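All remarks here apply to the structure that follows.
In our numbering, the protein residues as written are 3 to 334.
Below, the structure is given as structure tokens:
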């Protein structure tokens, strides 16, 4: 049997979740949504209002009788740091619980990457006393938030970027590879799409991919999943340095999609647009149709929205680092 503290925490989470999904709600609305008694809901709501998480809003005009007070979550109760490291350039956004951007900054490249990371986190920590969590997306290999060897960031090898960011920001933090965030964000933006999806992205450090299953990115046992330049394709590692000079991009993409079709049988493959794809997507579709059984050919989608997907995935990850996000993961 749960003790009083445990029951109180569960009640808070039930009310918190109901308000998050229901928007403006009265105490009677919350009774119906949570199944809790009116005294329990009333006590919990009053506590959350006093704590600043919920706020009372003006009741709608009534044609008669007393209007019930209504409550909504205050999106500024908690803010999140969403940072990106791409091509040695560090940038960040501060977002509230509703995802609204409160601040957006690109840092000058005056410091080392780690110095810039520390300075950014310390500055946000000082400015926002209600900072709840932080997330960092990076364009280099990571395992458990620890950077692997990468030509672009030799000084980061073996450094736990998650711990570094957490220590500097003073909150729970994590670091994830950019394409994994994009594949998660794609599912979020597609109204919770949970089909098996492969997202393929060409960035400054080469071609990489992420597979999402059930709306979550699959990184593999050592976060090596999606390192496409290790596939047995002629000149594949050389293409990282030459930006695919002399490559047949139709054949290259076809070979990657065919490999994923055989290994994970995705429903969709998202090709994030880049100049090397120009005019080739339909040819890639035809090449896949000619080399795969009909039932194995995924829907191949050209997307211009890597930045939007990346942003949505980064926000989701940062939210999960907050107390509210952690409780949702634990209890629901």
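The C-beta atom is built at its ideal place from N, Cα and C for all residues, glycine as well. Note that the structure is a prediction, hence the values are computed from the model and not measured.
Looking at the ligand ZN, does it come within less than 8 Å of residue 297, judged from the CB to the closest heavy atom? Looking at this structure, you won't find the ligand ZN or any other ligand, since it has none at all.
Going by beta carbon distance, what residues of the same chain come within less than 7 Å of residue 2, once the five residues before and after it are set aside? Only positions 3 to 334 of the chain appear in the structure, and residue 2 is not among them; the question remains open.
For the beta strand (DSSP E) that residue 303 lies in, which residues bound it at each end? Counting from one through the chain shown, the residue named residue 303 turns up at place 301. Segment 301-305, the beta strand (DSSP E) holding residue 303.
From residue 70 to residue 28, what distance separates their C-alpha atoms? Locating residue 70 in the chain shown gives position 68, where the first residue counts as 1. Locating residue 28 in the chain shown gives position 26, where the first residue counts as 1. CA-to-CA, the gap between residue 70 and residue 28 works out to about 6 Å.
Is it true that the CB of residue 199 sits closer than 9 Å to the CB of residue 314? Stepping through the chain shown from its first residue, residue 314 is reached at position 312. Stepping through the chain shown from its first residue, residue 199 is reached at position 197. Contact: no.
Spatial distance of residue 141 from residue 32 (CA atoms): The residue labelled residue 141 in the question sits at position 139 within the chain shown. The residue labelled residue 32 in the question sits at position 30 within the chain shown. The alpha-carbon atoms of residue 141 and residue 32 are separated by roughly 43 Å.
In angstroms, rounded to a whole number, what distance separates the CA positions of residue 238 and residue 259? Working through the chain shown from its first residue, we reach residue 238 at position 236. Working through the chain shown from its first residue, we reach residue 259 at position 257. C-alpha separation (whole angstroms): 15 Å.
In chain order, what residues of the same chain lie with their CB nearer than 6 Å to the CB of residue 316, ignoring the 5 residues before and after it? Your numbering for residue 316 matches position 314 in the chain shown. Result list for residue 316: 84, 137, 139, 183, in chain order.
Mind reading off the beta-carbon distance from residue 90 to residue 115? Whole number of angstroms is fine, and I expect it under 8 Å. Stepping through the chain shown from its first residue, residue 90 is reached at position 88. Stepping through the chain shown from its first residue, residue 115 is reached at position 113. Cβ-Cβ separation between residue 90 and residue 115: approximately 6 Å, consistent with a contact (criterion under 8 Å).
At what residues does the beta strand (DSSP E) containing residue 215 begin and finish? Taking the chain shown and counting its residues from 1, one reaches residue 215 at position 213. It spans 208-215 - the beta strand (DSSP E) in which residue 215 sits, taken as one unbroken run.
Excluding five sequence neighbours on each side, which residues of the same chain lie with their C-beta closer than 7 Å to the C-beta of residue 235? Indexing the chain shown from 1 puts residue 235 at position 233. Same-chain partners within the cutoff: 254, 257.
Counting along the chain, where does the beta strand (DSSP E) carrying residue 84 start and finish? As a working mapping, residue 84 is identified with position 82 in the chain shown. Unbroken beta strand (DSSP E) run through residue 84: 81-88.
Could you tell me the distance, in whole angstroms, from the CA atom of residue 93 to the CA atom of residue 104? Residue numbering aside, residue 93 sits at position 91 when the chain shown is read from its first letter. Residue numbering aside, residue 104 sits at position 102 when the chain shown is read from its first letter. Near 14 Å, if we compare the C-alpha coordinates of residue 104 and residue 93.
Roughly how many angstroms separate the alpha carbons of residue 74 and residue 171, rounded to a whole number? In the chain shown, the residue the question calls residue 74 occupies position 72. In the chain shown, the residue the question calls residue 171 occupies position 169. Rounded to whole angstroms, residue 74 to residue 171 spans 28 Å at the Cα level.
Taking the alpha helix (DSSP H) that residue 265 belongs to, which residues open and close that run? Counted from its first residue, the chain shown places residue 265 at position 263. For residue 265, the uninterrupted alpha helix (DSSP H) run begins and ends at 251-265, by DSSP.
Does the distance from the C-beta atom of residue 249 to that of residue 230 stay below 9 Å? What you label residue 249 is simply residue 247 of the chain shown in a count that begins at 1. What you label residue 230 is simply residue 228 of the chain shown in a count that begins at 1. The answer is no: Cβ separation not under 9 Å.
Straight-line Cα distance separating residue 39 from residue 284: Numbered from its first residue, the chain shown carries residue 284 at position 282. Numbered from its first residue, the chain shown carries residue 39 at position 37. Spanning the two alpha carbons is a distance of roughly 59 Å.
Own chain, CB closer than 6 Å to residue 65, minus 5 neighbours either side, in chain order: Working through the chain shown from its first residue, we reach residue 65 at position 63. At residue 65 the pLDDT is 49, less than 50, meaning the model places this residue with poor confidence; the figure from the coordinates comes in the next sentence. Apart from sequence neighbours up to five positions away, no residue of its chain approaches residue 65 with a beta-carbon distance below 6 Å.
Give the C-beta separation of residue 167 and residue 175 to the nearest angstrom, bearing in mind that I take them to be a contact with Cβ-Cβ under 8 Å. Position 165 of the chain shown holds residue 167. Position 173 of the chain shown holds residue 175. Contact flag correct, Cβ pair sits at about 4 Å.
Please state whether the Cβ-Cβ distance between residue 310 and residue 191 is less than 9 Å. Within the chain shown, the letter at position 308 stands for residue 310. Within the chain shown, the letter at position 189 stands for residue 191. Yes, these two residues count as a Cβ contact at 9 Å.
Span of the beta strand (DSSP E) holding residue 107? As a working mapping, residue 107 is identified with position 105 in the chain shown. Element bounds for residue 107: 103-108.
Whole-angstrom distance between residue 76 and residue 292, CA atom to CA atom: To locate residue 292, count along the chain shown from 1; it is residue 290. To locate residue 76, count along the chain shown from 1; it is residue 74. Answer to the nearest angstrom: the Cα atoms are 54 Å apart.
Segment limits, alpha helix (DSSP H) that includes residue 290: Counting from one through the chain shown, the residue named residue 290 turns up at place 288. Counting along the chain, the alpha helix (DSSP H) containing residue 290 begins and ends at 283-293.
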